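Peer 1: All letters in the sequence shown, in the order written, are residues 178 to 411 by this note's numbering.
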Amino acid sequence: MIRARLAELQLAVMLLTRAPAGRLPEPAPAIAAAAWAFPLAGLVPGLLGAAVLASGLPVMLAAGLALAAQMAVTGALHEDGLADVADGFWGGRTRDRRLEIMRDSRIGSYGTLALIVAAGLRWQAMALAGPVALILAAVASRVAPVALMATLPPARSDGMGHAARAVTAGPLALAALIGLGPLILCGQVPAVAVAAAVVIALALIARRKIGGQTGDVLGAGQQLAEIALLIALI
């Protein structure tokens, strides 16, 4: 049992970050089974960003470097999803065209603007919120992809969204306990409510635009949840 849980944690770190995580044992766990560990994987960018933010540099410079460090350690995975969602959802007129745009490696004006606005908000919010809030938000925001996987059907027959389908109540509940528990214990229920409202709005839009979730939608959910949490914590 413990070995299986460690393998699931290892898979979560490998999926969500570029941190060295070794080789997975055989047979490798399913993504849906490892979803509970997504918030724990958020400790990697959270702790790294907090260390940079607490480095003693001028706060705005430190926040910018913390943001860059987080992007580097995650490979900008979630940012890429946000840009693809913005381009696809508002650049295509039909479901198939939206999915086609989201798979295109090129970035359009909607995606560019989404990245600029998101990065600017995170930079300013990190500077104002501080290192502890940065860690809490990094961990809690990784609950969003798990919730989206558990509540939305896959919009494609392939890709990460399809591979991560069928997340059950158990992994979702454990992810929520790990990711949201610290915020609730700190009395930050309103911040959790704000982030939940943002993710629910994304889920409703994704259902209407493409009929479910994809890996890009999961990444966008993480980004929007993190921004909402940081702003609410301020």
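Yeah, the Cβ is synthetic: ideal placement off N, Cα and C, and Gly gets one too.
Values in this document were obtained by computation on a predicted structure and should not be read as measured data.
Please state whether DSSP places Gln400 in a helix, a strand or coil.
Peer 2: For this step, residue 400 is matched to residue 223 along the sequence shown. The three-state secondary structure of Gln400, taken from DSSP, is helix.
Peer 1: At 3 residues or longer, and completely inside the segment 208-268: list those beta strand (DSSP E) runs for me, N to C.
Peer 2: none
Peer 1: Can the beta-carbon of Pro322 be found closer than 7 Å to that of Leu395?
Peer 2: On the sequence shown, residue 322 is found 145 positions in, with the first residue counted as 1. On the sequence shown, residue 395 is found 218 positions in, with the first residue counted as 1. Cβ distance < 7 Å, so Pro322 and Leu395 count as in contact.
Peer 1: Mind checking which residues open and close the alpha helix (DSSP H) that includes Thr289?
Peer 2: Counting from one through the sequence shown, the residue named residue 289 turns up at place 112. Segment 286-306, the alpha helix (DSSP H) holding Thr289.
Peer 1: Quick one: grab the DSSP three-state call for Pro202.
Peer 2: Translated into the one-based positions of the sequence shown, residue 202 becomes position 25. In the structure shown, Pro202 sits in coil (DSSP, three-state: anything other than H, G, I, E or B).
Peer 1: Does the distance from the C-beta atom of Leu259 to that of Ala218 stay below 7 Å?
Peer 2: For the purposes of this step, residue 259 is taken as residue 82 along the sequence shown, with counting starting at 1. For the purposes of this step, residue 218 is taken as residue 41 along the sequence shown, with counting starting at 1. Taking 7 Å as the Cβ cut-off, Leu259 and Ala218 do not qualify as a contacting pair.
Peer 1: So, with DSSP's three-state summary, where would you put Gln365?
Peer 2: Within the sequence shown, the letter at position 188 stands for residue 365. Correct three-state label for Gln365: coil.
Peer 1: Buried or exposed: Gly404, going by 16 or more other Cβ atoms within 10 Å of its Cβ?
Peer 2: Start at 1 with the first residue of the sequence shown, and residue 404 comes out as number 227. According to the sequence shown, residue 404 is Ile rather than Gly. A residue is called buried once 16 or more other Cβ atoms fall within 10 Å of its Cβ, and Ile404 is buried on that count.
Peer 1: Of the choices Ala198, Ala196, Leu351, whose alpha-carbon is the least far from that of Ala212?
Peer 2: The residue labelled residue 212 in the question sits at position 35 within the sequence shown. When only C-alpha atoms are compared, the closest one is Leu351.
Peer 1: Starting from the Cα of Ala397, find the closest Cα among Leu225, Leu254, Arg299 and give me that residue.
Peer 2: Mapped onto the sequence shown, residue 397 falls at position 220. Residue Leu254 is the option with its Cα nearest to Ala397.
Peer 1: Which residues does DSSP pair with Pro331 in a beta bridge?
Peer 2: Your numbering for residue 331 matches position 154 in the sequence shown. DSSP, once it has assigned bridges, lists Gln390 as partnering Pro331.
Peer 1: Look at the Cβ atom of Pro222, then the Cβ atom of Ala315, and state whether they are nearer than 7 Å.
Peer 2: The residue given as residue 222 occupies position 45 in the sequence shown. The residue given as residue 315 occupies position 138 in the sequence shown. Yes.
Peer 1: From Pro197, Ile208, Leu379, pick the residue whose C-alpha is nearest to that of Leu401; which is it?
Peer 2: Working through the sequence shown from its first residue, we reach residue 401 at position 224. It is Leu379 whose Cα lies nearest to the Cα of Leu401.
Peer 1: Taking just the CA atoms, how far does Gly265 sit from Arg384?
Peer 2: Sequence index remark: in the sequence shown, residue 384 carries index 207 (1-based). Sequence index remark: in the sequence shown, residue 265 carries index 88 (1-based). Taking the CA atoms as reference points, Arg384 sits about 13 Å from Gly265.
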